[in-house]
Amino acid sequence: VGGVSSQLHTYSLSFNNLGGAIPGACIARCAPALAALQLESNRLTGAVPAALAALTVLVLLDVSQNELTGTLPAELASLELLQTLDLSLNQLTGTVPASWMSNMSSLFTMDLSFNRLEVNSQNPKPHTLNFINPKP
């Protein structure tokens, strides 16, 4: 990621059998104008990095089909332009942060299926959200 251009719009490393943690701080620092981050179908481990919240123009985040663990970072609620969020088929746990429902006003699709996540039914969701149940 070190040589990534600061003007990079889309970063796709899907289906590459990559392992290790997502270098969230490095991606945010090296590609601040990133609109799409696609890392699905690898062997990525660790937590979803809160540092990805620095990608303020991100509209698509797909880290599905990895081995991610831990809880969802509330910091990602600052991604107000995010339209598609796919965290499916990982090993994530905990509750979806209430701030995600209230702050991610552009979110259209959120797939959290095949994890061990809970959604507080009292959290209002954006009217534009085509929510996909976190339980299969």
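Using the working numbering, the first residue of the sequence shown is number 161, and each one after it goes up by one.
Quick reminder that beta carbons are idealized off the backbone N, C-alpha and C, glycines included.
For clarity, every value in this text was computed on a predicted model and none was experimentally measured.
Which residues does DSSP pair with R189 in a beta bridge?
Partner residues in a beta bridge of R189, as assigned by DSSP, do not exist.
Curious, which full-length alpha helix (DSSP H) runs of at least 4 residues does the stretch 225 to 285 contain?
Qualifying alpha helix (DSSP H) stretches, in chain order: 258 to 263.
From the DSSP output, in three-state form, read off A195 for me.
Residue state, collapsed to three classes: coil.
Tell me the rounded alpha-carbon separation between A195 and Y171.
The straight-line gap separating the alpha-carbon atoms of A195 and Y171 is approximately 8 Å.
Roughly how many whole angstroms lie between the Cα atoms of V219 and Q243?
Looking at the two C-alpha atoms, the distance is approximately 5 Å.
Exposure of G179, with buried meaning 16 or more beta-carbon neighbours within 10 Å
The residue is exposed, with fewer than 16 neighbouring Cβ atoms inside 10 Å.
What residue does the beta strand (DSSP E) around T205 start on, and which one ends it?
In this chain, the beta strand (DSSP E) harbouring T205 covers R203 to G206.
Spatial neighbours of S238 in its chain, beta-carbon cut-off 6 Å, leaving aside the 5 residues before and after
Annotation for S238: A213 place their beta carbon closer than 6 Å to its own, counting only its chain and skipping 5 residues before and after.
Just curious, the beta strand (DSSP E) that S174 is in, first and last residue?
Counted as a single uninterrupted DSSP element, the stretch harbouring S174 is not any beta strand (DSSP E), since DSSP gives it neither H nor E.
Are the CB atoms of D222 and Q198 nearer to each other than 8 Å?
Cβ distance < 8 Å, so D222 and Q198 count as in contact.
In whole angstroms, give me the CA-to-CA distance for A258 and L272.
As the crow flies, the alpha-carbon of A258 is around 15 Å from that of L272.
Backbone secondary structure at L215 - three-state DSSP:
DSSP places L215 in coil when its eight states are reduced to three.
What do you reckon, are the CB atoms on L247 and V208 nearer than 8 Å?
Against a cut-off of 8 Å, the Cβ pair of V208 and L247 comes out as a contact.
Cβ-Cβ separation, L204 to N226 (assumed contact under 8 Å), whole Å:
N226 to L204, Cβ: 4 Å. Contact.
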